[in-house]
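Here's the structure we're looking at; comments come further down.
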Amino acid sequence: MTAPILEVRSVVRTYPSRGSSGWRKQYANAVDGVDLDVNEGETLAIVGESGSGKSTLAKLMLRLEQPSQGSVLYRGVSLDKLDRKQWRTYRRDIQAVFQDPSSSLNPRMRVEQSLGYVARRHGLAEPARLRAFLAGHLAAVGLDPPEQYLTRYPHQLSGGQQQRIAIARAIMLEPRLIVADEPLSSLDISIQAQILDLMRELSRRMNVGFVLISHDLNAVQSIAGRTAVMQHGRIVEIGRDIFDAPAHPYTRLLLEARLSANPREARTRQGKPLRTQARDELSAGSANMLAASHGESAEATVTGKT
Amino acid sequence: MNAMLDDAGITDRGDCDPLLDVRDLKVHLHVGDAIVRAVDGVDLSVRRGESIGIVGESGSGKSTLARAILKLLPNVEFAELQGEVRFRGADLTRISDGALRELRRRNGFSMVFQDPLGYLNPTKRVGKQVAEALGGKHDGVVSSRVQQLLAEAGLSDPAELARRFPHELSGGMRQRVMIAIALASEPALLFADEPTTALDATVQLQVLETLGRLHRDRNMAMVIITHDLGVVAELCDRVYVMRAGKVVENGDTIDVFENPRHPYAAQLIELSTRHRRGSTPAETKAALSTEALSSGVAR
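Those protein sequence lines, which keep their order, are chains A and B.
Counting along the first sequence from 1, when you hit position 186 you're at 181 in my numbering, and nothing is skipped either side.
Converting from the second sequence to my numbering requires adding 728 to each position, the first position being numbered 1.
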């Protein structure tokens, strides 16, 4: 096996917490001691509930945030020690796709301008061939005929089409790894399936690796090689078979919280309480925020979805 | 039954069936120069104590349908707004404002929305906001009723909770406060528009459990609007599948899930069940290549 493309080493990221009073600041660790290797070409899913630190971890990998402690290594070199040349390859090799495609595209630029800017900046194509180059990449993400999409503004595209543009912009640079933070959650289920197919195809054809951040276990199950489960800033479990053989009670809780989509198995319809065995285990273990069955008293620590 | 409701033609004494009967409802909107048929001839009925799911993808018209039924549409000029909405025998499209207010105030219908923060007043303690829904002066009787409603919505320690502000609560707790407010009028019918979409999976499960319990214990009819077929499978006796303003399939939940007749409904069910057991790319491709999805509606 080749060396990992990204290594996360004992990373802690601290933020001033919401409960800070005027003269005594309190701190919370959004990411609290994470160790993780991302290998070349693998699809690694990171799942967890809101406030688990998964988005912060993505930002740390993309160097949109700096670790408070520990370091993130790109091909063996810490991100804050990259020289100019290494920095440039890092910025090409690692690309990002975000949750809300409309906010990651400039609303005042046509698709051609948005993507053309990146292409020119990185010298990807001769000016004369630029249009054909862009069209080729739009076709590659399934936007057909591509010429028709080049002249449009983001608001003239559907959410799924916008997300494809964002992916096209990422793959133009022929990255080795795409960090995708909730790329599916603003999309309809049929579009989600198409985007997942596109990711599979890219991974097969170009051997692009993905770090797929998601709160939706159903969506990642079909695509992820390894899956990491995060809770309170820590990875509680990571592996290839967390869906079939979850070892940690929190993983079991998340799996049991999935709705079955089979009305015959529906628990509420049969008047069965939805309390799960995993939840009982967790509550027996410690004063966990998910412990109380009806009481959401401890749940106040969880912030709303972003 | 009070005079206002008698005037409105609500003769129901608690035995009117179906509770809600919608016939050929159309809501067409002007969007720029174009006309969007958000709801395009929908028939729907809800029996007393029954739970109904309305599913569809974004833009299918499911939220507009609910707002049209509950008379919550914005006060703008519609290209077309017609149809019949009978609730407990009276036509809501012709009802007086006073009678409508009366229905919202007592034993009529209530609604819970996706985003509770958008509907809670950030400057008032939640207890007071529940009390407002009960009407009358905020005295000892009201305050004990408030705590009772909060407890019924699944919140522990309601006395302490009533003194908190919305921003001091988590998403799941806020949604429970919305449910408590909705219950204040003792509704015969509760509409819930994506009630758990913004919540984490484990919290979603608890809120669904609460809705299921209220539905059973109070014999309260429910209409759940959602994009998630898992929620329908969990809670609903019957389901309506919407697409582009039309109901393309409806029936008993188990029947529809097991033998969907319309290809679009079949695709949605196929995709959400497949997701759950993992899939190979080839399978998804095959499912998507069919005509049913390729003509998908852009948002």
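The C-beta atom is built at its ideal place from N, Cα and C for all residues, glycine as well.
These numbers were taken from a predicted model, which means no experiment stands behind them.
Query: As a quick exercise: from B:889, B:863, B:865, pick the residue whose alpha carbon is nearest that of residue 875 (chain B).; Result: B:889
Query: Within 7 Å of any Cβ in chain B, is that where the Cβ of residue 44 (chain A) sits?; Result: yes
Query: Got a sec? Which residues, its chain only, sit under 8 Å from residue 850 (chain B) by beta carbon, not counting five neighbours each side?; Result: 893, 894, 895
Query: Let me confirm a value: residue 913 (chain B) is counted as buried when at least 16 other C-beta atoms fall within 10 Å, else exposed. Which label applies?; Result: buried
Query: Would you be able to state if there are at least three C-beta pairs under 8 Å between the stretch 201 to 216 of chain A and the stretch 111 to 123 of chain A?; Result: no
Query: Note down, in chain order, every chain A residue with its Cβ under 8 Å from the Cβ of residue 688 (chain B).; Result: Only positions 729 to 1027 of chain B appear in this structure, which leaves residue 688 (chain B) out of reach.
Query: Mark residue 22 (chain A) as exposed unless 16 or more other C-beta atoms lie within 10 angstroms of its C-beta, in which case mark it buried.; Result: exposed
Query: Buried or exposed: where does residue 767 (chain B) fall if 16 or more other Cβ atoms within 10 Å of its Cβ makes it buried?; Result: buried
Query: Leaving aside the five residues before and after residue 156 (chain A) along the sequence, list all residues of the same chain whose C-beta is less than 8 Å from its C-beta, in chain order.; Result: 138, 144
Query: Report the option in A:255, A:245, A:224 whose CA atom is closest to the CA atom of residue 31 (chain A).; Result: A:224
Query: From what residue to what residue does the beta strand (DSSP E) around residue 204 (chain A) run?; Result: 204 to 209
Query: Give the secondary structure of residue 329 (chain A) by DSSP, where H, G and I count as helix, E and B as strand, and everything else as coil.; Result: Residue 329 (chain A) lies beyond the range of chain A shown here (-4 to 301); nothing can be said about it.
Query: Exposed or buried, what is residue 763 (chain B) when buried is set at 16 or more other beta-carbons lying within 10 Å of its beta-carbon?; Result: exposed
Query: So, with DSSP's three-state summary, where would you put residue 778 (chain B)?; Result: coil
Query: According to DSSP, is residue 163 (chain A) part of a helix, a strand, or is it coil?; Result: helix
Query: Got a sec? Which residues, its chain only, sit under 8 Å from residue 125 (chain A) by beta carbon, not counting five neighbours each side?; Result: 111, 114, 115
Query: For residue 93 (chain A), collect the residues of the same chain with a Cβ closer than 6 Å to its Cβ; drop the 5 residues on either side in sequence, then sort them by chain order.; Result: 99, 176
Query: List, in order along the chain, the chain B residues whose C-beta lies closer than 7 Å to that of residue 50 (chain A)?; Result: Per Cβ cutoff of 7 Å: no residues; residue 50 (chain A) is ~14 Å from chain B at best.
Query: Bridge partners of residue 22 (chain A), per DSSP?; Result: A:11
Query: For the alpha helix (DSSP H) containing residue 792 (chain B), list its first residue and its last residue.; Result: 790 to 797
Query: Report, in whole angstroms, the separation of the C-beta atoms of residue 919 (chain B) and residue 798 (chain B), which I expect to be a contact under 8 Å.; Result: 6 Å
Query: Could you name the residues of chain B that residue 105 (chain A) contacts, counting a contact when the two beta carbons are closer than 8 Å?; Result: Under the 8 Å cutoff, chain B gives no residues; its nearest Cβ is about 18 Å from residue 105 (chain A).
Query: Do you know how far the Cα of residue 748 (chain B) is from the Cα of residue 25 (chain A)?; Result: 48 Å
Query: Would you mind telling me which residues of chain B sit closer than 9 Å to residue 184 (chain A), beta carbon to beta carbon, in chain order?; Result: 785, 955, 956, 957, 996, 999, 1000, 1003
Query: Determine the contact status of residue 966 (chain B) and residue 980 (chain B), defining contact as a CB-CB distance below 7 Å.; Result: yes
Query: When burial is assigned at 16 or more other CB atoms within 10 Å of the CB, is residue 956 (chain B) buried or exposed?; Result: buried
Query: What are the residues in the stretch 184 to 213 of chain A lying within 9 Å of chain B by C-beta distance?; Result: 184, 185, 186, 187, 188, 189, 191, 192, 195, 196, 199, 210, 211, 212, 213
Query: Taking 7 Å as the CB-CB limit, is residue 985 (chain B) close to chain E?; Result: Absent here is chain E; the protein component of the structure consists of chains A and B.
Query: In the stretch 926 to 975 of chain B, which residue ranges form an unbroken beta strand (DSSP E) of at least 3 residues, counting only runs that do not cross its ends?; Result: 949 to 954, 966 to 971
Query: If we require 3 or more residues per run, which beta strand (DSSP E) segments fall completely within the stretch 94 to 180 of chain A?; Result: 172 to 176
Query: According to DSSP, is residue 237 (chain A) helix, strand or coil?; Result: coil
Query: Taking buried to mean at least 16 other C-beta atoms within 10 Å of its own C-beta, is residue 210 (chain A) buried or exposed?; Result: buried
Query: Is residue 69 (chain A) helix, strand or coil by DSSP?; Result: strand
Query: If I follow the unbroken alpha helix (DSSP H) through residue 907 (chain B), where does it start and stop?; Result: 899 to 911
Query: Is there a C-beta anywhere in chain B that falls below 7 Å from the one on residue 254 (chain A)?; Result: yes
Query: Please work out which residues of its chain come closer than 6 Å, Cβ to Cβ, to residue 186 (chain A), disregarding the five sequence neighbours upstream and downstream, and give them in chain order.; Result: 155
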